[in-house]
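Residue numbers (the working numbering), protein chains in the order written: chain P, 347 to 638; chain U, 13 to 321. The structure under discussion appears below in the form of structure tokens.
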Amino acid sequence: MANMVRRHTTSARLWRGGLYTLLIVAALVYLLPLVVMLLTSLKPLDDIRAGGLLSLPSTISFEAWSKAWGSACTGMRCDGMSGYFLNSIAIVVPAVAISSFVGALNGYVLTKWRFRGANLCFALLLFGCFVPFQVVLMPMARTLGWLGLASSTSGLVLVHVVYGIAFTTLFFRNYYVSIPDEMIAAAKLDGAGFWRIFWRILLPVSGPIITVTVIWQFTQIWNDFLFGVSFAGFDSQPVTVALNNMVNTSTGVKEYNVDMAAAMIAALPTLVVYVLAGKYFVRGLTAGSVKG
Amino acid sequence: MPSNVPAPATVERRHRRSLAGHIERVLPRLVVAPSLGVALFFVYGYMLWTFLLSLTNSRMLPQYDFVGFAQYARLFANERWHVAATNLVVFGGLFIVSCLVIGLLLAIFLDQRIRQEGALRTIYLYPMALSLIVTGVVWRWLLNPGLGIQAMVRGWGFEDFTFNWLVDSDMAIYTLVIAAVWQASGFVMALFLAGLRSIDDSLFQAAALDGASLPRIYTRIVLPSLRPVVFSAVMILAHIAIKSFDLVMALTGGGPGYATDLPATFMYAHTFTRGQIGLGSASAIMMLCGVLAILVPYLYSELRGQRHG
Chain P
347 MANMVRRHTT SARLWRGGLY TLLIVAALVY LLPLVVMLLT SLKPLDDIRA
397 GGLLSLPSTI SFEAWSKAWG SACTGMRCDG MSGYFLNSIA IVVPAVAISS
447 FVGALNGYVL TKWRFRGANL CFALLLFGCF VPFQVVLMPM ARTLGWLGLA
497 SSTSGLVLVH VVYGIAFTTL FFRNYYVSIP DEMIAAAKLD GAGFWRIFWR
547 ILLPVSGPII TVTVIWQFTQ IWNDFLFGVS FAGFDSQPVT VALNNMVNTS
597 TGVKEYNVDM AAAMIAALPT LVVYVLAGKY FVRGLTAGSV KG
Chain U
13 MPSNVPAPAT VERRHRRSLA GHIERVLPRL VVAPSLGVAL FFVYGYMLWT
63 FLLSLTNSRM LPQYDFVGFA QYARLFANER WHVAATNLVV FGGLFIVSCL
113 VIGLLLAIFL DQRIRQEGAL RTIYLYPMAL SLIVTGVVWR WLLNPGLGIQ
163 AMVRGWGFED FTFNWLVDSD MAIYTLVIAA VWQASGFVMA LFLAGLRSID
213 DSLFQAAALD GASLPRIYTR IVLPSLRPVV FSAVMILAHI AIKSFDLVMA
263 LTGGGPGYAT DLPATFMYAH TFTRGQIGLG SASAIMMLCG VLAILVPYLY
313 SELRGQRHG
């Protein structure tokens with residue numbers, strides 16, 4: 347669009363120049379926090395005290411990274427982010443797998459095996475995308491207690507599956523709507539049943555939507571803080587909660603380089619996903635952009 | 013007639029087939045049933061549960077001695093809630109407007125056949141991949157008066173430069189806006205860009221042939237056709253604003269004092285750290301009402317649009 351033939355007049359050139367300047371300045375502003383975070387994490391503390399947010403480190407040192415990973419204090423404990431990083435993985439992997447699978451099944455049924463009330467069913471499920479989680483915190487805390495899952499990794503997996511299903515169902519439903527019903531009808535005539543159609547016909551063409559769903563769920567669950575801080579126990583806190591605790595620890599000398607390294611550690615998995623699969627990330631964002 | 017009586021084996025097979033057929037018929041419903049049950053209990057049941065709690069005198073632990081709407085009366089008489097609610101209006105309003113303006117401008121600029129468009133888009137959008145906790149931690153560092161942007165600009169020789177909003181209780185709420193806009197404006201840009209790309213090129217060419225200037229084309233043709241995008245973007249951003257919790261926790265911790273409290277942090281503090289479950293539940297229900305107020309018109313239009321899809 348906007349592809350009008352522009353004559354190469356001076357004013358047109360000025361306009362293009364201004365345009366590029368603006369866009370590049372904007373890009374620098376968006377990049378600033380990341381650059382500062384990285385630079386700070388590589389600086390010795392003396393450099394930081396000497397000032398210069400954007401000054402280059404006098405010596406590049408990965409000490410802050412290794413301290414953030416292995417021995418920095420988060421609240422009471424002083425064994426770095428590594429344990430919490432693993433906690434996050436232990437939460438994310440099963441939660442993403444289960445919620446995606448359930449979402450695929452739901453989407454399949456709601457589009458290819460429509461029954462009376464299927465639309466109502468979908469609408470009821472969809473509301474889960476919008477509910478402000480503050481409304482469910484207290485009852486969920488009680489329920490997890492009764493189930494014996496309070497403060498456990500399994501409890502957090504349950505919470506993320508429960509509130510992830512709305513999104514995964516939405517994704518798969520919208521994708522399966524576009525797959526022709528004739529394919530399913532033909533398979534039924536050939537005697538294929540419910541599961542056979544799912545495994546042999548729908549799943550093999552679901553690659554793109556599985557990617558979108560998995561990336562979306564991964565990002566949301568990895569970045570979650572509210573559920574983590576509300577329901578995690580001492581041994582199951584995710585990396586976001588640990589980062590917040592570390593930064594808010596007021597004892598001792600504040601080691602900003604370690605804080606920034608910890609922030610990088612917490613941010614890296616989703617950043618890597620974004621860089622490697624940005625297209626799918628954006629698709630998830632625009633399809634399920636209701637989750638805060 | 014004996015010849016009409018099927019052999020026992022056939023009866024059994026036929027019976028089995030019909031049982032299988034029956035299972036096959038209800039199977040789809042069986043598959044969705046657990047999810048529906050989960051939604052009914054964990055979403056709708058919990059909403060009701062929290063509402064019931066908001067009608068009780070619960071403090072440290074939930075208890076069910078009902079006191080009517082007394083907690084709501086307490087909530088509205090509560091100074092800190094007023095701060096939180098006002099903050100939400102200020103924060104939400106500025107956040108939404110800024111994201112829309114910046115997102116739209118970036119999208120229009122990017123739409124002018126820009127070289128390296130992909131790279132620029134990637135840069136504008138990456139903050140959305142980050143956790144709000146990370147965003148909060150980074151901006152807290154950037155806005156730290158002693159070491160962040162203020163110190164940097166002073167280091168350049170502008171000794172009087174002051175940018176200490178983070179520790180100024182009147183201005184701290186705007187630091188939340190800055191960080192949140194940084195996080196979400198790229199996403200709004202992506203929405204607008206998608207909207208711009210879906211506009212028919214011939215409209216543009218026709219208008220250009222008629223001699224319409226570029227700004228005129230945008231204000232007269234493009235912006236009106238982007239109305240649905242603006243509508244969804246506002247819904248999404250409002251929803252993000254109401255739920256904002258992580259960012260406050262990591263950037264200001266609600267402080268100085270409780271100057272940057274939002275309903276979400278108010279609810280958390282009263283429910284989990286101040287032993288005021290009844291009051292916390294009332295505030296959660298108010299948040300739900302806020303979400304419903306923006307959601308009902310949104311869902312209505314969405315579902316109407318999907319009916320034919």
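Positions of the beta carbon are idealized from the N, C-alpha and C atoms, including for glycine. Because the structure is a prediction, the values reported are computed rather than measured.
If contacts are defined as beta-carbon pairs under 8 angstroms, then residue i and residue j qualify, I think. What distance do you get, rounded to the angstrom?
i	j	result
Leu360 (chain P)	Leu122 (chain U)	Not confirmed; about 19 angstroms, so no contact.
Val558 (chain P)	Gly630 (chain P)	5 angstroms
Gly397 (chain P)	Gly167 (chain U)	5 angstroms
Arg92 (chain U)	Asp273 (chain U)	6 angstroms
Ile694 (chain P)	Tyr521 (chain P)	Any property of residue 694 (chain P) remains undetermined from this structure, which presents chain P solely from 347 to 638.
Leu259 (chain U)	Ala202 (chain U)	Leu259 (chain U) to Ala202 (chain U), Cβ: 20 angstroms. No contact.
Val102 (chain U)	Ile185 (chain U)	6 angstroms
Leu400 (chain P)	Leu384 (chain P)	That belief does not hold up - the Cβ atoms of Leu400 (chain P) and Leu384 (chain P) are roughly 11 angstroms apart, past 8 angstroms.
Asp77 (chain U)	Asn90 (chain U)	Going by Cβ atoms, the distance from Asp77 (chain U) to Asn90 (chain U) rounds to 21 angstroms, so no, they are not a contact pair.
Asn590 (chain P)	Ile145 (chain U)	5 angstroms
Asn156 (chain U)	Leu178 (chain U)	7 angstroms
Ala245 (chain U)	Phe257 (chain U)	No, Ala245 (chain U) and Phe257 (chain U) are not in contact; Cβ-Cβ is about 21 angstroms, not under 8 angstroms.
Ala623 (chain P)	Phe517 (chain P)	Wrong, their Cβ atoms sit about 15 angstroms apart, outside the cutoff.
Ile233 (chain U)	Ala220 (chain U)	Not really, about 10 angstroms apart at Cβ, beyond 8 angstroms.
Val381 (chain P)	Ala262 (chain U)	Contact flag wrong, Cβ pair sits at about 19 angstroms.
Thr515 (chain P)	Gly463 (chain P)	So it is not a contact: roughly 15 angstroms between Cβ atoms.
Met247 (chain U)	Gln195 (chain U)	Between Gln195 (chain U) and Met247 (chain U) the Cβ distance is about 17 angstroms, and since that is not below 8 angstroms, they are no contact.
Val149 (chain U)	Asp425 (chain P)	Val149 (chain U) to Asp425 (chain P), Cβ: 20 angstroms. No contact.
Sorted by chain position, which residues of the same chain lie with C-beta nearer than 6 angstroms to residue i's C-beta, five sequence neighbours on each side aside?
i	result
Val607 (chain P)	First, the amino acid is wrong: residue 607 (chain P) is Ala here, not Val. For Ala607 (chain P), where only same-chain residues beyond five positions count, the Cβ hits under 6 angstroms are Ser387, Ala410, Trp411 and Ala414.
Leu377 (chain P)	none
Pro403 (chain P)	Leu388, Lys389 and Asp393
Tyr430 (chain P)	Gln583, Val585 and Ala588
Ala271 (chain U)	Ser181 and Ala184
Leu617 (chain P)	none
Met350 (chain P)	The pLDDT assigned to Met350 (chain P) is 48, lower than 50, so where the model puts this residue is not dependable; a value taken from the coordinates is nonetheless given after this. Around Met350 (chain P): no qualifying Cβ.
Can you give me the Cβ contacts of residue i inside the same chain, cut-off strictly under 7 angstroms, excluding the 5 residues immediately before and after it?
i	result
Phe204 (chain U)	Gly115, Leu116, Ala119, Leu238 and Val241
Val503 (chain P)	Ile437, Pro440 and Ala441
Ser498 (chain P)	Gly579 and Ser582
Thr586 (chain P)	Asn569, Asp570, Phe571, Gly574 and Ala612
Gly501 (chain P)	Leu490, Leu495 and Phe577
Val619 (chain P)	Ile561, Phe564, Thr565 and Phe627
Tyr280 (chain U)	Phe257
Ile6 (chain U)	Lying before the first or after the last residue shown, residue 6 (chain U) is absent from chain U, which here runs from 13 to 321.
Gly292 (chain U)	Met279, His282 and Thr283
Ser15 (chain U)	Low confidence applies here, because Ser15 (chain U) scores a pLDDT of 49, under 50, leaving its location unreliable; read the following figure in that light. Same-chain partners within the cutoff: there are none.
Looking only at its own chain, which residues have a Cβ that is under 8 angstroms from the Cβ of residue i, when we skip the five neighbours before and after it?
i	result
Lys534 (chain P)	Ile543
Phe408 (chain P)	Leu388
His320 (chain U)	Residue placement at His320 (chain U) is flagged as unreliable, the pLDDT there being 47, under the threshold of 50; a coordinate-derived value is accordingly withheld.
Gln335 (chain U)	Residue 335 (chain U) is absent from the model: chain U starts at 13 and stops at 321.
Val95 (chain U)	Tyr270, Ala271 and Asp273
Arg519 (chain P)	Asn452, Gly453, Leu456, Thr457 and Phe468
Please indicate yes or no: does the CB of residue i lie closer than 8 angstroms to some heavy atom of the ligand GDP?
i	result
Ala450 (chain P)	By its list of ligands, the structure shown contains no ligand whatsoever, and the ligand GDP lies outside what it can speak to.
Short-range partners of chain U found in the segment 502 to 513 of chain P, where Cβ spacing is below 8 angstroms: Val508, Tyr509, Ile511 and Ala512
Cβ contact check for the segment 300 to 310 of chain U and the segment 246 to 265 of chain U: 3 or more pairs under 8 angstroms: yes
Positions along the segment 377 to 407 of chain P whose CB lies within less than 9 angstroms of some CB in chain U: Leu377, Leu378, Pro379, Leu380, Val382, Met383, Thr386, Ile394, Arg395, Gly397, Gly398, Leu399, Leu400 and Ser401
The segment 479 to 490 of chain P / the segment 271 to 289 of chain U touching (three or more Cβ pairs under 8 angstroms): yes
Residues in the segment 205 to 227 of chain U having any Cβ partner in chain P nearer than 8 angstroms: Ala206, Leu208, Arg209, Ile211, Asp213, Phe216, Gln217, Ala220 and Leu226
Residue ranges of each beta strand (DSSP E) within the segment 131 to 162 of chain U, 3 or longer: none
Contact the segment 285 to 299 of chain U vs the segment 56 to 71 of chain U: 3+ CB pairs below 8 angstroms: The count of Cβ pairs closer than 8 angstroms, one atom from the segment 285 to 299 of chain U and one from the segment 56 to 71 of chain U, reaches three, so the stretches are in contact.
Sequence ranges, beta strand (DSSP E) only - wholly within the segment 213 to 276 of chain U, length at least 3: none
Interfacial residues, the segment 578 to 591 of chain P to chain U, with Cβ spacing under 7 angstroms: Listed in chain order, the positions of the segment 578 to 591 of chain P with a beta carbon within less than 7 angstroms of a beta carbon of chain U are Thr586, Leu589 and Asn590.
Contact residues within the segment 596 to 611 of chain P, judged by C-beta distance below 9 angstroms to chain U: Tyr602, Asp605, Met606, Ala608, Ala609 and Met610
Stretch pair the segment 461 to 478 of chain P + the segment 505 to 514 of chain P: three plus CB contacts closer than 8 angstroms: Because the criterion of three Cβ pairs below 8 angstroms is met, the segment 461 to 478 of chain P and the segment 505 to 514 of chain P touch.
Residues of the segment 547 to 567 of chain P with Cβ closer than 8 angstroms to any Cβ of chain U, in chain order: Thr565
Unbroken stretches of the alpha helix (DSSP H), 4 residues or longer, contained in the segment 60 to 91 of chain U: You should have 82 to 89.
Contact the segment 447 to 465 of chain P vs the segment 42 to 50 of chain U: 3+ CB pairs below 8 angstroms: yes
Short-range partners of chain U found in the segment 407 to 435 of chain P, where Cβ spacing is below 7 angstroms: none
Residues in the segment 476 to 488 of chain P having any Cβ partner in chain U nearer than 8 angstroms: Phe476, Val477, Pro478, Phe479, Gln480, Val481, Val482, Leu483, Met484, Pro485, Met486 and Arg488
Contact set between the segment 268 to 296 of chain U and chain P, restricted to residues whose Cβ is under 9 angstroms from the partner: Pro275, Ala276, Met279, Tyr280, Thr283, Phe284, Ile289, Gly292, Ser293, Ser295 and Ala296
Contiguous alpha helix (DSSP H) assignments of at least 4 residues, all confined to the segment 506 to 542 of chain P: 527 to 535
Unbroken stretches of the beta strand (DSSP E), 3 residues or longer, contained in the segment 461 to 487 of chain P: none
Positions along the segment 134 to 155 of chain U whose CB lies within less than 9 angstroms of some CB in chain P: Listed in sequence order: Thr134, Ile135, Tyr136, Leu137, Tyr138, Pro139, Met140, Ala141, Leu142, Ser143, Leu144, Ile145, Val146, Thr147, Gly148, Val149, Val150, Trp151, Arg152, Trp153 and Leu154.
Residues of the segment 443 to 454 of chain P whose Cβ lies closer than 7 angstroms to any Cβ of chain U, in chain order: Listed by position, the residues of the segment 443 to 454 of chain P near chain U (Cβ gap below 7 angstroms) are Val448, Leu451 and Asn452.
Interfacial residues, the segment 521 to 546 of chain P to chain U, with Cβ spacing under 7 angstroms: Val523, Gly539 and Phe540
Positions along the segment 60 to 78 of chain U whose CB lies within less than 8 angstroms of some CB in chain P: Trp61, Thr62, Leu65 and Pro74
Selection of the segment 35 to 61 of chain U by Cβ proximity to chain P, strictly under 7 angstroms: From the segment 35 to 61 of chain U, only Glu36, Leu39, Pro40, Arg41, Val43, Val44, Ser47, Leu48, Val50, Ala51, Phe54, Val55, Tyr58, Met59 and Trp61 have a Cβ closer than 7 angstroms to chain P.
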